[in-house]
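Be aware that the sequence shown starts at 118, since it is given in the working numbering, and climbs by one per residue. A virtual CB, placed ideally from N, CA and C, is assigned to each residue, including glycine. First up is the structure itself, then whatever we jot down about it.
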Amino acid sequence: MSKKALAGVILTVASAMASAASGTSVDFSNGMQGWDSGPDYDGTQGVWIDSSLGGTSPALHTINPMTFGVNWINRTDAFTGNYGANASVTLGIDVLANSIQYDGREVMRNMVVELRDYDNPYGGLPFTSVWYNLGEFGAGQGWQHLSVTIGDTSATALPSGWGGYGSTVNEPSLPPGRTFADVLAGVDEIAFTTFEPGYVYGWTAYDVAVDNISISPVPEPANFAMLAGGLGILALARRRRDGKRIQKI
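Set out below in structure tokens:
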């Protein structure tokens with residue numbers, strides 16, 4: 118491979134690694150940036166950028182006085198695509214519950230992150246997904262940071278704590294022939310949601326805000342090796358070239 122071609126490969130890998138290493142984070146300083154609070158079934162839901170909630174930046178504020186659950190959904194390239202291109206990925210969100218009321222009393226709800234693949238759904242269902250319960254949140258707890266790290270994006274079996282959706286069996290599970298890695302390779306939509314597959318809640322009033330939604334990927338070790346090897350070759354070539362120049366003086 119010529120030095121010019123090798124340099125091109127290294128620049129391509131380095132560019133990809135820089136992008137992956139920096140990750141994707143939204144603090145709503147520049148508007149919604151592709152995030153929405155999902156379907157508003159009865160037209161009573163309010164969603165806006167709010168700078169009065171005491172966080173470090175504006176937040177996406179959602180109020181719905183009567184619903185089964187709320188979503189925060191993104192379908193843009195920044196948060197979708199092939200998660201398997203990175204060795205591991207951390208998903209994070211900050212959440213503030215001003216109020217979550219069921220039957221007139223404050224309650225806790227789970228925050229679930231769900232990665233959805235709309236290609237080739239099974240049994241008439243809209244998508245196949247993998248999901249993880251990040252934990253409970255509720256009024257009086259202030260801002261909470263919730264996150265999960267996918268340690269191995271190439272795993273075929275569901276990692277501990279992860280569930281699957283897309284089968285027609287009674288319990289939520291992955292369809293026949295689909296693996297954890299399959300779904301991660303083609304994520305069309307990411308959702309942070311109070312809808313947990315397999316569970317149903319009654320009518321609930323939500324006053325909740327989210328902020329600092331992020332994906333922090335770690336590039337595959339092979340990319341590091343390629344970059345390090347390429348840089349080493351270029352350094353060696355430069356030293357040889359400089360040595361020849363010194364001999365000519």
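Checklist entry - Touching or not, the region 215-235 and the region 254-268, by the rule of three or more beta carbon pairs under 8 Å? => result yes
Next on the checklist: Please tell me whether G209 and P238 are closer than 8 Å, where the distance is taken between their beta carbons.
Outcome noted: The Cβ atoms of G209 and P238 lie no closer than 8 Å to each other.
Checklist entry - Just to check, is the beta-carbon of G319 closer than 7 Å to a non-hydrogen atom of the ligand PLP? => result What this structure holds is no ligand at all, so the ligand PLP is not there to describe.
Checklist entry - Closest by CA to W152, which one among T321, I307, L275, V224? => result Considering only alpha carbons, the answer is I307.
Item to check | Short Cβ contact (8 Å threshold) for L213 with V325 | outcome: yes
Item to check | Proximity of S169 and F145 at Cβ, strictly below 8 Å | outcome: no
Checklist entry - What do you get for L177, buried or exposed, if any count of 16 or more other CB atoms within 10 angstroms of its CB means buried? => result buried
Checklist entry - F196: buried (16+ other C-beta within 10 angstroms of its C-beta) or exposed? => result buried
Checklist entry - Based on Cα-Cα distance, which residue from P314, I180, Q261 lies nearest to G171? => result Q261
Item to check | Other residues of its chain near A256: CB distance less than 8 Å, five sequence neighbours each side excluded | outcome: A214, N215, S216, I217, E223
Next on the checklist: Assuming the contact rule is C-beta atoms closer than 8 Å, S205 and D269 should be a hit. Round their C-beta distance to whole Å, please.
Outcome noted: About 7 Å; that satisfies the 8 Å criterion.
Checklist entry - For P334 versus N203, is the C-beta spacing smaller than 8 Å? => result Closer than 8 Å, so yes.
Checklist entry - Which same chain residues, not among the five before or five after F297, have their C-beta less than 8 Å away from its C-beta? => result V247, A272, T273, A274, L275, P276, W279, G281, L291
Checklist entry - Does the beta-carbon distance from G140 to A302 come in below 8 Å? => result no
Checklist entry - In its own chain, which residues sit with a C-beta less than 6 Å from the C-beta of T285, not counting the 5 before and 5 after it? => result G240
Item to check | Other residues of its chain near Y316: CB distance less than 6 Å, five sequence neighbours each side excluded | outcome: none
Checklist entry - Can you give, in chain order, each stretch of the beta strand (DSSP E) that sits fully within the region 169-202 and has at least 3 residues? => result Within the region 169-202, the complete beta strand (DSSP E) segments of 3 residues or longer fall at 176-184, 188-191, listed in chain order.
Checklist entry - Terminal residues of the continuous alpha helix (DSSP H) containing A272? => result Membership of A272 in any alpha helix (DSSP H) is not indicated, and neither H nor E is assigned to it by DSSP.
Checklist entry - What residue from G252, Y158, D194 has the CA that sits closest to M183's CA? => result Y158
Next on the checklist: Only counting the same chain, and skipping five residues up and downstream in sequence, which positions put a Cβ closer than 7 Å to that of G198?
Outcome noted: Taken in chain order, the residues that qualify are V304.
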